[in-house]
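These protein sequence lines are chains R and H, in that order. Heads up: the first sequence begins at 1 in our numbering, then just goes up one per residue. Heads up: the second sequence begins at 126 in our numbering, then just goes up one per residue.
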Amino acid sequence: MKQILIADDEPHLIRVLRLGLEKAGYRVNAVNDGERALAQIRETAPDVLITDIEMPRMNGKELCKAIEKEKSDLKLLVIVVTSHPEETHRIWSSEIPGITFLEKPLSLRKLCKLLDAHFAALEDK
Amino acid sequence: MAAEHTLTASTNKQPRTATSQKLGLAMIAASLLAITAVVGTMVRYQQNLTEAQIRSQGLSLAGVLSRLSYEQLTSPKTGMGPIQVVYQSQRTDEFAYATVTDRAGRPASAAASPGVVVPPAMLPVTPGDVAGERLTSLPGSGKRVIEFYAPLWSEGKVAGHVRLGYYQPSGTIPMAQVPLLASLAFPVFLLTPFFYLLLKREITPLKKASLELQNQIEDGHFKQLEVKVSGEFGDFIQRFNVFMDRAQARINELEASKSKAEVSQKMLSYKRERVEAVLQAHPDMFLVLDETGIPAIVSDKLLGLLDLSRDSVIDQRPSVWCKNPAVTEFLLRCGDTNAPGYISATMGFAPETAPERTIEVSAYPLFSPKDKAIVLGTLVIFRDTTESIVVKRGQGEFVAHIAHELKTPLNVLATYSEALQEGEGKNESFRIEAYNVIHDEVERLSGLISNLLSITQIEMGNMVIDRQRVRIGDLLKDALENVSRCDKDGDIDFQLDLQRELPALALDKNLFRVAINNLLTNAIKYSKKGGTVVLSAEFVDDSVHIRVKDTGLGIASEDQARIFDKFYRSESEEVRSKPGHGLGLALTSEIIALHQGSILVNSTPGKGTEFTIVLGKKSGAILQGLSD
Numbered sequence: 001m002k003q004i005l006i007a008d009d010e011p012h013l014i015r016v017l018r019l020g021l022e023k024a025g026y027r028v029n030a031v032n033d034g035e036r037a038l039a040q041i042r043e044t045a046p047d048v049l050i051t052d053i054e055m056p057r058m059n060g061k062e063l064c065k066a067i068e069k070e071k072s073d074l075k076l077l078v079i080v081v082t083s084h085p086e087e088t089h090r091i092w093s094s095e096i097p098g099i100t101f102l103e104k105p106l107s108l109r110k111l112c113k114l115l116d117a118h119f120a121a122l123e124d125k
Numbered sequence: 126m127a128a129e130h131t132l133t134a135s136t137n138k139q140p141r142t143a144t145s146q147k148l149g150l151a152m153i154a155a156s157l158l159a160i161t162a163v164v165g166t167m168v169r170y171q172q173n174l175t176e177a178q179i180r181s182q183g184l185s186l187a188g189v190l191s192r193l194s195y196e197q198l199t200s201p202k203t204g205m206g207p208i209q210v211v212y213q214s215q216r217t218d219e220f221a222y223a224t225v226t227d228r229a230g231r232p233a234s235a236a237a238s239p240g241v242v243v244p245p246a247m248l249p250v251t252p253g254d255v256a257g258e259r260l261t262s263l264p265g266s267g268k269r270v271i272e273f274y275a276p277l278w279s280e281g282k283v284a285g286h287v288r289l290g291y292y293q294p295s296g297t298i299p300m301a302q303v304p305l306l307a308s309l310a311f312p313v314f315l316l317t318p319f320f321y322l323l324l325k326r327e328i329t330p331l332k333k334a335s336l337e338l339q340n341q342i343e344d345g346h347f348k349q350l351e352v353k354v355s356g357e358f359g360d361f362i363q364r365f366n367v368f369m370d371r372a373q374a375r376i377n378e379l380e381a382s383k384s385k386a387e388v389s390q391k392m393l394s395y396k397r398e399r400v401e402a403v404l405q406a407h408p409d410m411f412l413v414l415d416e417t418g419i420p421a422i423v424s425d426k427l428l429g430l431l432d433l434s435r436d437s438v439i440d441q442r443p444s445v446w447c448k449n450p451a452v453t454e455f456l457l458r459c460g461d462t463n464a465p466g467y468i469s470a471t472m473g474f475a476p477e478t479a480p481e482r483t484i485e486v487s488a489y490p491l492f493s494p495k496d497k498a499i500v501l502g503t504l505v506i507f508r509d510t511t512e513s514i515v516v517k518r519g520q521g522e523f524v525a526h527i528a529h530e531l532k533t534p535l536n537v538l539a540t541y542s543e544a545l546q547e548g549e550g551k552n553e554s555f556r557i558e559a560y561n562v563i564h565d566e567v568e569r570l571s572g573l574i575s576n577l578l579s580i581t582q583i584e585m586g587n588m589v590i591d592r593q594r595v596r597i598g599d600l601l602k603d604a605l606e607n608v609s610r611c612d613k614d615g616d617i618d619f620q621l622d623l624q625r626e627l628p629a630l631a632l633d634k635n636l637f638r639v640a641i642n643n644l645l646t647n648a649i650k651y652s653k654k655g656g657t658v659v660l661s662a663e664f665v666d667d668s669v670h671i672r673v674k675d676t677g678l679g680i681a682s683e684d685q686a687r688i689f690d691k692f693y694r695s696e697s698e699e700v701r702s703k704p705g706h707g708l709g710l711a712l713t714s715e716i717i718a719l720h721q722g723s724i725l726v727n728s729t730p731g732k733g734t735e736f737t738i739v740l741g742k743k744s745g746a747i748l749q750g751l752s753d
């Protein structure tokens, strides 16, 4: 079972995402700050990280940079849920490649489609 | 003004008398010299005249005697012979001797003045010299004698010579002529004092004029010479006075133009100082380059920024003092007024001395007001744009914050509504949960938008507070009751502690209610189960103190300074777990500030927080009379 880690400080969102993703057949773990997310990634090596940007302690960008450093031994799909305009994504992408952005408000349907496509592509390889 | 012209002058008046005496002596000496010259000339003339007479007499007598024969002149040997006769007839003061000598020069006959020794004969050497004259001197006395001689013939041959001796006339003044000479010298001598007086009479006005000039030189004040004199010197004085008048007029003109020049220089300097003062007062830094690109004026602020002294910049090429190559190149381009495209230009740089700052450099050509084609120089403005960049960045961040804060509840709404659509709606418990979440998030969004609008209006200065007479006790009681209804579980103990005699306040009721509500909802939000929220008010030291106290999480000391900043939320996990957007306290603080009051926070992490609103006399909120 594919493992998904959610990093967000909004408890309602975690609740509804967990519900939707578990129903779609994923195992879901959730943390509410960047530091814990990084610790969890090292510990459980999830397949997907869904993270917010504004989080206490370590924000989304710092988290992504930390993951970028350890990327060689982590096969991880990073999805950043953002309320920032596209311009910010481009600046981010130039610094940290391989990030997928999903704009708020988030659609569970779109998220599930993205995950399905990702895992299907992995299986094809 | 003329008095300023002090001329240095020699002031030795003493030699003037000596000069006068010297003049008198010189005139006496000159007259004596003149007399001597006259007398000398006369004596010389007399001498020449006598000598000519002697020569004429001697030659003619020698000629006459040479026609006689030798024998005739030498006989008889004794008694009065022809020679004695001649001697007797010629016996004057001038005649010395007469003699006949034979061919060998031996005397044959002679007659001479007493005591005179006839000098020996000098026989002619050539036939042509047989007659003539010679100058000789008498043996013994040594007196000078002119001797005339001629041959004497006997039987066709020269038998001897006749010789006549005359004293050469001497240069002494003959006693007989003394009265004549004296009569000549006297008038000459008399002329001396006459000329002296005449000269003195002519010199006196000159001396007066000189003395007057001397005094004027010493006083340094020039005016016309007041010397009464006629004639040539009078004319001279008149012309001199005219000259002096013109010179004085010219001096006055020069003085006037000098003082004009001084005044205009002062005016120019004043104008320049004023222009500089105006420029110096300008908030931007500046540099004025002349038409060749050399700095003429520089602002103190720019010198301070670049850490340079005025002397190192003024009249120095930018390449000498400017450390930033891009700015140097920019300034050099400003100096090159022929460069194409030179109108005005802007560049940005971070100075070496203040790398954290961003300076925008703009150049504007200074055109002559009379002829726009003439460029007088360049005004270079150095504008510190660091602040405006920070403000722009701040505005950007503010918008990003709003977007984030708005999108976060929308995100929750979208996912829940989608989950309900996807079939989760059949699940009863999820449905109820979703309704509650959607309701809360809509409330949160609404609250956020209201707060945002209020805070923006206050910040833009559009919010006008509408002060009304408010019974503060009622307002607080009502607010607490409303808020306590949100605590559905009844976990929190609400207390109202109002002093009995509170004054009536002049407040914007609605705004003040928002401020109190924000404090109370915060108190509930961060309270633990079984916590207490106390709302109190008291009138102390002419001020109304309204306190909202809770026994909740408290605020970390590092957060206390920033809790009134917009969108600031503590990093604390416990705080973050509660919904919030970081605008409530910012808005409360703005509202209290609008009422000219103050808000203080006193908090201990883990124990609770107390916010105190103080409305003093100065706030204008306290009205006469009691609220009840």
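We put the beta carbon where it would ideally sit given N, CA and C, even for glycine.
- Query: Out of H:Gly521, H:Arg482, H:Lys497, which has the shortest C-alpha to C-alpha gap to glutamate 512 of chain H?
  - Reply: Within the second sequence, residue 512 of chain H is the residue found at index 387, counting from 1. Per the Cα distances, H:Arg482.
- Task: Using DSSP bridges, identify the partner residues of histidine 286 of chain H.
- Result: Here residue 286 of chain H is taken as the residue at index 161 of the second sequence, counted from 1. Looking at the DSSP assignment, histidine 286 of chain H forms a beta bridge with H:Thr226, H:Pro276.
- Item | Rounded C-alpha distance that separates glutamate 547 of chain H from leucine 21 of chain R | By one-based count along the second sequence, residue 547 of chain H stands at place 422. By one-based count along the first sequence, residue 21 of chain R stands at place 21. Glutamate 547 of chain H and leucine 21 of chain R have their C-alpha atoms some 12 angstroms from each other.
- Item | Residues that leucine 538 of chain H contacts on chain R, provided the C-beta gap is smaller than 9 angstroms | Looking up residue 538 of chain H in the second sequence gives position 413. Neighbours of leucine 538 of chain H in chain R, taken as residues whose beta carbon is under 9 angstroms from its own, are Pro105 in chain order.
- chain R contact residues for valine 562 of chain H, given Cβ-Cβ distances below 9 angstroms: In the second sequence, the residue the question calls residue 562 of chain H occupies position 437. Chain R residues near valine 562 of chain H: His12, Arg15, Val16.
- Query: Over what stretch of residues does the alpha helix (DSSP H) that includes valine 438 of chain H continue unbroken?
  - Reply: As a working mapping, residue 438 of chain H is identified with position 313 in the second sequence. Element bounds for valine 438 of chain H: 435-438.
- Item | Limits of the unbroken beta strand (DSSP E) element including phenylalanine 736 of chain H | By one-based count along the second sequence, residue 736 of chain H stands at place 611. 733-740 is the extent of the beta strand (DSSP E) around phenylalanine 736 of chain H.
- Query: If aspartate 675 of chain H and threonine 734 of chain H are in contact, beta carbons under 8 angstroms, what's the gap, nearest whole angstrom?
  - Reply: In the second sequence, the residue the question calls residue 675 of chain H occupies position 550. In the second sequence, the residue the question calls residue 734 of chain H occupies position 609. The Cβ separation is near 6 angstroms, so the contact holds.
- Whole angstroms is fine: what's the gap from glutamine 146 of chain H's alpha carbon to lysine 332 of chain H's? Sequence index remark: in the second sequence, residue 146 of chain H carries index 21 (1-based). Sequence index remark: in the second sequence, residue 332 of chain H carries index 207 (1-based). Answer to the nearest angstrom: the Cα atoms are 14 angstroms apart.
- Can you name the residues of chain H whose CB is closer than 9 angstroms to the CB of aspartate 142 of chain R? Here chain R comprises residues numbered 1 to 125, so residue 142 of chain R is not present and cannot be evaluated.
- Query: In angstroms, rounded to a whole number, what distance separates the CA positions of isoleucine 376 of chain H and lysine 396 of chain H?
  - Reply: Here residue 376 of chain H refers to the residue found at position 251 when the second sequence is read from its first residue. Here residue 396 of chain H refers to the residue found at position 271 when the second sequence is read from its first residue. One C-alpha to the other measures close to 29 angstroms.
- Could you give the DSSP three-state label for methionine 588 of chain H: helix, strand or coil? Position 463 of the second sequence, counting from 1, holds the residue named residue 588 of chain H. Of the three classes helix, strand and coil, the one that applies to methionine 588 of chain H here is coil, per DSSP.
- Quick one: what's got a C-beta closer than 8 angstroms to glutamate 401 of chain H's C-beta in the same chain, skipping five residues either side? One-based indexing of the second sequence puts residue 401 of chain H at position 276. Excluding sequence neighbours, glutamate 401 of chain H sits near Ile422.
- Message: Applying the 10 Å Cβ sphere with the 16-neighbour rule, what's the burial state of cysteine 447 of chain H?
- Response: For the purposes of this step, residue 447 of chain H is taken as the residue at position 322 of the second sequence. Classification of cysteine 447 of chain H: buried, given that the 10 Å Cβ count is 16 or more.
- Message: Just to confirm the assignment, what range does the alpha helix (DSSP H) spanning phenylalanine 358 of chain H have?
- Response: On the second sequence, position 233 is the one that residue 358 of chain H refers to. 356-406 is the span of the alpha helix (DSSP H), which, as asked, contains phenylalanine 358 of chain H.
- glutamate 258 of chain H - containing alpha helix (DSSP H), residue span: Translated into positions along the second sequence, residue 258 of chain H becomes position 133. First-last for glutamate 258 of chain H: 257-262, but that is the beta strand (DSSP E), not the alpha helix (DSSP H).
- Message: Rounded to the nearest angstrom, what separates serine 744 of chain H and alanine 604 of chain H at their Cα positions?
- Response: Residue mapping note: residue 744 of chain H aligns to position 619 of the second sequence, counting from 1. Residue mapping note: residue 604 of chain H aligns to position 479 of the second sequence, counting from 1. Approximately 22 angstroms, taken between the alpha carbons.
- Item | Cβ-based burial, glutamate 72 of chain H [other Cβ within 10 Å; buried from 16] | Absent from the structure is residue 72 of chain H, since the part of chain H shown begins at 126 and ends at 753.
- What did DSSP end up calling methionine 1 of chain R once you bin it into helix, strand or coil? Looking up residue 1 of chain R in the first sequence gives position 1. The answer is coil: DSSP assigns methionine 1 of chain R none of H, G, I, E or B.
- Task: Can you pull the chain H residues whose beta carbon is under 9 angstroms from the beta carbon of glycine 20 of chain R, in chain order?
- Result: In the first sequence, residue 20 of chain R corresponds to position 20, counting from 1. By Cβ distance, chain H contributes Thr540, Glu543, Ala544, Glu547, Glu549.
- How is the alpha helix (DSSP H) around isoleucine 422 of chain H delimited, first residue to last? The residue you call residue 422 of chain H lines up with position 297 of the second sequence. That residue, isoleucine 422 of chain H, is in no alpha helix (DSSP H); its beta strand (DSSP E) goes 420-423.
- Item | Neighbourhood of arginine 442 of chain H by C-beta distance below 7 angstroms, restricted to the same chain and skipping five residues each side | Walking along the second sequence from the start, residue 442 of chain H turns up at place 317. Here the set comprises Ile419.
- My guess is that valine 608 of chain H and asparagine 642 of chain H are in contact by the Cβ rule of under 8 angstroms, so how many angstroms apart are they, rounded? As a first step, residue 608 of chain H is located in the second sequence; it is residue number 483 there, counting from the start. As a first step, residue 642 of chain H is located in the second sequence; it is residue number 517 there, counting from the start. About 7 angstroms; that satisfies the 8 angstroms criterion.
- Is there a Cβ from chain C that is less than 7 angstroms from the Cβ of alanine 662 of chain H? Among the protein chains in the structure shown, which are R and H, there is no chain C.
- Message: Let's test the definition: count the other Cβ atoms within 10 Å of the Cβ of lysine 129 of chain R and tell me whether it reaches 16, buried, or not, exposed.
- Response: There is simply no residue 129 of chain R to check, as chain R begins at 1 and stops at 125 in what is shown.
- Message: Tell me which residues share the same chain as glutamine 349 of chain H and place their Cβ nearer than 8 angstroms to its Cβ, disregarding the 5 neighbours each side in the sequence.
- Response: Locating residue 349 of chain H in the second sequence gives position 224, counting from the first residue. Cβ neighbours of glutamine 349 of chain H beyond the five flanking positions: Asn366, Met369, Asp370.
- Given a threshold of 16 other Cβ atoms within 10 Å of its Cβ, counted over all protein chains shown, does serine 214 of chain H qualify as buried or as exposed? In the second sequence, residue 214 of chain H corresponds to position 89, counting from 1. When all chains shown are included, serine 214 of chain H counts as exposed.
- Query: With 7 angstroms set as the bound, which would you pick, yes or no: does the beta-carbon of leucine 49 of chain R sit closer than that to a beta-carbon of chain H?
  - Reply: Here residue 49 of chain R refers to the residue found at position 49 when the first sequence is read from its first residue. Taking 7 angstroms as the CB threshold, leucine 49 of chain R stays off the interface with chain H.
- Message: Let me see if you follow: with CB-CB separation under 7 angstroms, is leucine 80 of chain H close to chain R or not?
- Response: Given a span of 126 to 753 for chain H in the structure shown, any question on residue 80 of chain H remains unanswerable.
- Nearest candidate by alpha-carbon position, reference lysine 791 of chain H, set H:Asn727, H:Val673, H:Val524: Outside the modelled stretch of chain H, which goes from 126 to 753, sits residue 791 of chain H, for which no answer is possible.
- Nearest-angstrom Cα separation, counted from leucine 106 of chain R out to asparagine 32 of chain R: Looking up residue 32 of chain R in the first sequence gives position 32. Looking up residue 106 of chain R in the first sequence gives position 106. Their backbone Cα atoms lie some 17 angstroms apart in a straight line.
- Closer than 6 angstroms by C-beta to glutamate 35 of chain R: which residues in its own chain qualify, once you throw out the five before and the five after it? Chain order, please. In the first sequence, the residue the question calls residue 35 of chain R occupies position 35. If we look at glutamate 35 of chain R and ignore the five residues flanking it on each side, its Cβ neighbours are Arg57, Met58.
- Assign cysteine 611 of chain H to one of two classes, buried (16 or more other C-beta atoms within 10 Å of its C-beta) or exposed (fewer than that). Position 486 of the second sequence, counted from the start, is the residue given in the question as residue 611 of chain H. Exposed, by the Cβ-count rule.
- Message: Could you give the first and the last residue of the continuous alpha helix (DSSP H) run that contains proline 239 of chain H?
- Response: Within the second sequence, residue 239 of chain H is the residue found at index 114, counting from 1. According to the DSSP assignment, proline 239 of chain H belongs to no alpha helix (DSSP H), since it is labelled neither H nor E.
- Task: Flag this pair as touching only if the region 483-498 of chain H and the region 536-546 of chain H have three or more C-beta atom pairs under 8 angstroms; answer yes or no.
- Result: no
- Beta-carbon proximity check, valine 225 of chain H vs serine 238 of chain H, cutoff 7 angstroms: Sequence index remark: in the second sequence, residue 225 of chain H carries index 100 (1-based). Sequence index remark: in the second sequence, residue 238 of chain H carries index 113 (1-based). Not in contact: valine 225 of chain H and serine 238 of chain H (Cβ atoms no closer than 7 angstroms).
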